[in-house]
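Enquirer: The sequence shown runs 1 to 179 under the UniProt record's numbering.
Just so you know, even glycine gets a beta-carbon here, dropped at the ideal spot from N, CA and C.
I'd like to ask some things about the structure below.
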Amino acid sequence: MCLMPEQSWNWFYHQEEQKLAIALGQELVFVTPYGPKQLTPDSLDGQGFTASHADYYQSVLQELSRYLSVSEAALVQIALNLTAAHFFALPMMPKSWHFKSSDRIAYGRSGTVVELCTDTQRQSFVVVEAGDQSSLLMLLGPDCSLSNKRSMDQFDLIKVMNDRLIPIAKRSQARVVAA
Numbered sequence: 001m002c003l004m005p006e007q008s009w010n011w012f013y014h015q016e017e018q019k020l021a022i023a024l025g026q027e028l029v030f031v032t033p034y035g036p037k038q039l040t041p042d043s044l045d046g047q048g049f050t051a052s053h054a055d056y057y058q059s060v061l062q063e064l065s066r067y068l069s070v071s072e073a074a075l076v077q078i079a080l081n082l083t084a085a086h087f088f089a090l091p092m093m094p095k096s097w098h099f100k101s102s103d104r105i106a107y108g109r110s111g112t113v114v115e116l117c118t119d120t121q122r123q124s125f126v127v128v129e130a131g132d133q134s135s136l137l138m139l140l141g142p143d144c145s146l147s148n149k150r151s152m153d154q155f156d157l158i159k160v161m162n163d164r165l166i167p168i169a170k171r172s173q174a175r176v177v178a179a
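And the structure:
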């Protein structure tokens, strides 16, 4: 059974790591990959893991388990990063030009796994937040080269227009490596 939310969970800014983190009880801390330049200012002050956070976390955990054949630890890692990004990431403008248009448009919801194609590769992403025109996505794979000068690391965020999203079948073997 995957890690389920508890009232004792709370978000805080991890000074040593310079990242947003969540205390998952007395002795367990999960550090997200998101630093202060990617986060809303209020996220750095710390706050409890609210009912909205718990609902979102459980929803994406359930959705991810339909798409990915990975360990429970990897599912929890992805779901916690999605929750942090959904509630605390700064707004972004779409950067769709890095990706090719799709023949089939995928209108995902949070936790849906989709693919995007660059000129050189096809990568799996998960929907953090879906909109009518564009969606905020998180990279599932280890890295994604966008151009000669720009690349993404695992769990980085990008917003793209929905006409770039390629739907994938459930229970994918998307390349996900828990850090």
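(1) So what does DSSP say about Tyr13, is it helix, strand or coil?
(2) Look up Phe99 in the DSSP assignment and say whether it is helix, strand or coil.
(3) Reducing DSSP to helix, strand and coil, say where Ala54 ends up.
(4) Just to confirm the assignment: which complete alpha helix (DSSP H) runs, minimum length 4, are found wholly within the UniProt domain "Cell-division protein ZapC C-terminal" (91 to 170)?
(5) By DSSP, does Phe30 sit in helix, in strand, or in coil?
(6) Tell me which same chain residues have a C-beta within less than 7 angstroms of the C-beta of Gln123, skipping the five on either side of it?
(7) Flag this pair as yes or no: are the beta carbons of Thr118 and Phe88 separated by less than 8 angstroms?
(8) Could you tell me the boundaries of the beta strand (DSSP E) in which Ala23 lies?
(9) Quick check on Gln47: does DSSP put it in helix, strand or coil?
(10) Taking three-plus beta-carbon pairs below 8 angstroms as touching, is the stretch 156 to 168 in contact with the stretch 40 to 47?
(11) In whole angstroms, what is the alpha-carbon distance linking Phe30 and Gln133?
(12) Pull up the distance between the alpha-carbon of Thr40 and that of Ile158, whole angstroms please.
(13) Closer than 7 angstroms by C-beta to Gly108: which residues in its own chain qualify, once you throw out the five before and the five after it? Chain order, please.
(14) Which residue or residues does DSSP assign as beta-bridge partners of Ala89?
(15) Could you work out which residue in Asp163, Met161, Phe125 and Ala54 is closest to Met152 when comparing CA atoms only?
(16) Tell me whether Cys2 sits in a helix, a strand or coil according to DSSP, three-state version.
(17) Compare the Cα-Cα distances from Asp156 to each of Tyr56, Gln26, Asn10 and Lys37 and report the closest residue.
Expert: In short, the structure shows the following:
(1) Tyr13: strand per DSSP, three-state reduction.
(2) Here Phe99 sits in coil by DSSP.
(3) Three-state result, Ala54: helix.
(4) Scanning the UniProt domain "Cell-division protein ZapC C-terminal" (91 to 170) from its first residue to its last, no whole alpha helix (DSSP H) run of 4-plus residues comes out.
(5) Correct three-state label for Phe30: strand.
(6) These residues qualify, in order along the chain: Glu115, Leu116, Leu139, Gly141 and Cys144.
(7) Contact flag unset, no.
(8) Taken as a continuous stretch (DSSP letters only), the beta strand (DSSP E) holding Ala23 covers Lys19 to Ala23.
(9) Gln47: strand per DSSP, three-state reduction.
(10) Below 8 angstroms, too few C-beta pairs join the stretch 156 to 168 and the stretch 40 to 47 to call them touching: fewer than three.
(11) Each residue's Cα considered, the two are about 32 angstroms apart.
(12) Those two C-alpha atoms are separated by around 16 angstroms.
(13) Result list for Gly108: Val114, Val127, Ala130, Ser135 and Leu165, in chain order.
(14) According to DSSP, Ala89 bridges with Leu39.
(15) Ranking Asp163, Met161, Phe125 and Ala54 by Cα distance to Met152 puts Phe125 first.
(16) In the structure shown, Cys2 sits in coil (DSSP, three-state: anything other than H, G, I, E or B).
(17) It is Lys37.
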